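The numbering used here puts the first residue of the sequence shown at 372, with every later residue one more than the last.
Just so you know, even glycine gets a beta-carbon here, dropped at the ideal spot from N, CA and C.
The model shown is predicted, which means the values in this text are computed figures rather than measured ones.
For reference, the structure discussed in these notes is given below.
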Amino acid sequence: MAQIEMNALSVITCGSFSARVFLPEMNLLDLNDKDHQKKYPVLWLLHTEGGAALDWLATPAERCAARYGIFIIAPDQHHSLCTNMKYGPRYEVFMSTELPGICRNNLPLSDDPALNWIGGVGTGAYGAVKMALKYPGTFSRAVSLNGVLDLEALCQKAAAGEDTGICHNKASLEAVFGSLDTFHGSENDLYALAGRPTGSKFWMTWEKGSPLAGENRRLATLLGDAAQTRELDTGADLDSCQTSLPAAVEWLMQN
């Protein structure tokens, strides 16, 4: 098993970025491919708010990449919610165009949407689902691990001065989305986006009894046949994804 830290300059975000790259086991790499013809599947992983790419070191990400012969790339997202911020970097453009381009220029990664998947935990799942809904020509599948998906509800809490629980308040959410009054039905509203035709597929999981279960079920219902769900036992340790991430990668490989 192996992982490396990538640091590079991003023109889109006007600064440098850091990402963790988890590599396939050596016996699953074609080391005799002198012309670099073979391209490998890649899972792009997004951390939750208040976290960093470093968080994935505490998960089975490295083991999953090694076992299944895929690359797993986890970039820092800071507090962007994987969004083209109203007052800040355009992380949605970064994730859908620049980051894959930089990584493909340095690693043997496929550019085939069928072999490019995106996933996340917590608010990272929100970003992953949004990216697959809006960019099916880049990401054909998305996995949501204990996803915080109803950002409209959190915007309403923030507007009322309540705790959002995601390291964001009214001012910081306005920096991301602009006026919170216009979130409903916008390009950042998953429930509005889910009503559109999509070629992507989705795998969503949460713990039994989780307060997030309702919003996950509601989105899965809107996605219809495009979504598969799995409810894990209470205490399945979704924070470190010990159960959910291997199950998600197994689903990706089977499909």
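Residue i versus residue j: straight-line alpha-carbon distance, rounded
i, j, result
"E533", "R434", "39 Å"
"R391", "M377", "6 Å"
"A423", "P446", "8 Å"
"N403", "K409", "10 Å"
"A607", "T494", "19 Å"
"G491", "R512", "12 Å"
"L425", "S571", "28 Å"
"E469", "K505", "16 Å"
"Q625", "I375", "27 Å"
"A379", "S389", "7 Å"
"I537", "G421", "7 Å"
"M575", "I444", "20 Å"
"G498", "E396", "28 Å"
"G549", "G459", "11 Å"
"Q599", "L516", "12 Å"
"P582", "G440", "35 Å"
"E586", "P568", "20 Å"
"C526", "V547", "11 Å"
"E578", "A618", "13 Å"
"E621", "T553", "38 Å"
"L593", "D406", "45 Å"
"L623", "V514", "9 Å"
"G580", "D604", "9 Å"
"V382", "R475", "16 Å"
"Y462", "H555", "20 Å"
Cβ separation of residue i and residue j, assumed to be a contact under 8 Å, to the nearest whole Å
i, j, result
"V413", "N487", "6 Å"
"P507", "P484", "7 Å"
"A373", "L394", "5 Å"
"T535", "A542", "Actually they do not touch by this definition, with Cβ atoms about 12 Å apart."
"E558", "K457", "About 12 Å; that fails the 8 Å criterion."
"S481", "Y411", "6 Å"
"T509", "S467", "5 Å"
"W415", "I489", "4 Å"
Three-state class that DSSP yields for residue i in the structure shown
i, result
"N517", "coil"
"N455", "strand"
"T430", "coil"
"L411", "According to the sequence as given, residue 411 is Tyr; it is not Leu. Looking at Y411 - three-state DSSP - the assignment turns out to be strand."
"T576", "strand"
"P507", "coil"
"N559", "coil"
"S550", "coil"
"R567", "coil"
"A618", "helix"
"A597", "helix"
"V392", "strand"
"P471", "helix"
"A531", "coil"
Buried/exposed call for residue i, threshold 16 Cβ in 10 Å
i, result
"S387", "exposed"
"A565", "buried"
"C612", "buried"
"K501", "buried"
"G595", "exposed"
"S615", "buried"
"L417", "buried"
"H539", "buried"
"L590", "buried"
"A531", "exposed"
"L551", "buried"
* Is there contact between the region 452 to 463 and the region 514 to 521, where contact requires at least three CB pairs shorter than 8 Å? -> no
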